[in-house]
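Those letters in the sequence shown? Residues 77 to 195, by our numbering.
Quick reminder that beta carbons are idealized off the backbone N, C-alpha and C, glycines included.
This structure is a prediction, so every number in the text was calculated from the model and none was measured.
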Amino acid sequence: MSPGEWSLVRASGDIDIATAAELDDALLAAATDEQPVRHLVLDLGAVTFLDCAGLRPLVAARRRLTDRFWLVNPPPQVRRLLSLTGLTDAFAYLDDVPAVTLLPQHRTAGDPGTEAGTA
């Protein structure tokens with residue numbers, strides 16, 4: 077796949093009622109009508125906490141992108157919440173961030189709370 081077919085969002089820290097909108101904005105910015113992508117990858121490896129409010133942006137992205145939205149590196153606390161809410165099977169997972177998203181010309185939406193940058 078070419079780099080234009082992937083977009084990467086890296087989330088970090090707590091994703092809760094206070095920060096869920098930032099994640100939602102980052103996911104929307106990563107795959108818009110003006111910036112369509114074939115696959116959107118959300119790297120959750122640096123997430124320290126996720127509550128039910130933090131699930132809303134994930135569910136919204138999954139609904140919007142259907143089979144083009146992937147979760148990667150969900151920590152145990154995120155996996156537990158997905159399991160408790162019955163959402164584990166609602167998402168597609170990758171074992172690692174696709175190497176193609178790490179190419180210099182690839183656009184990364186950035187972490188919630190940080191500026192967009194290049195991976």
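8 Å contact criterion, which residue i and residue j should meet: CB distance rounded
i, j, result
"Val-154", "Asp-119", "Val-154 to Asp-119, Cβ: 11 Å. No contact."
"Arg-138", "Ala-106", "At roughly 14 Å, the Cβ-Cβ gap does not stay under 8 Å, so Arg-138 and Ala-106 are not in contact."
Endpoints, the beta strand (DSSP E) within which residue i is located
i, result
"Gly-162", "It is not in any beta strand (DSSP E) - Gly-162 carries neither H nor E in the DSSP assignment."
"Arg-144", "Per DSSP, Arg-144 belongs to no beta strand (DSSP E) and is neither H nor E."
"Ala-87", "82-91"
Exposure of residue i, with buried meaning 16 or more beta-carbon neighbours within 10 Å
i, result
"Thr-161", "exposed"
"Pro-150", "buried"
"Thr-142", "exposed"
"Ala-94", "exposed"
"Ala-96", "buried"
8 Å Cβ cutoff met for residue i and residue j
i, j, result
"Leu-157", "Leu-134", "no"
"Ser-88", "Val-123", "yes"
"Val-30", "Leu-103", "The first residue shown for the chain is 77 and the last is 195, placing residue 30 beyond what the model contains."
"Asp-101", "Phe-125", "no"
Residue i: CB within 7 Å of a non-hydrogen atom of the ligand ZN
i, result
"Thr-161", "Questions concerning the ligand ZN fall outside what the structure shown contains, since it holds no ligand whatsoever."
Residues sharing a beta bridge with residue i, DSSP
i, result
"Leu-118", "Val-85, Leu-147"
Residue i: first and last residue of the uninterrupted alpha helix (DSSP H) it sits in
i, result
"Ala-105", "96-106"
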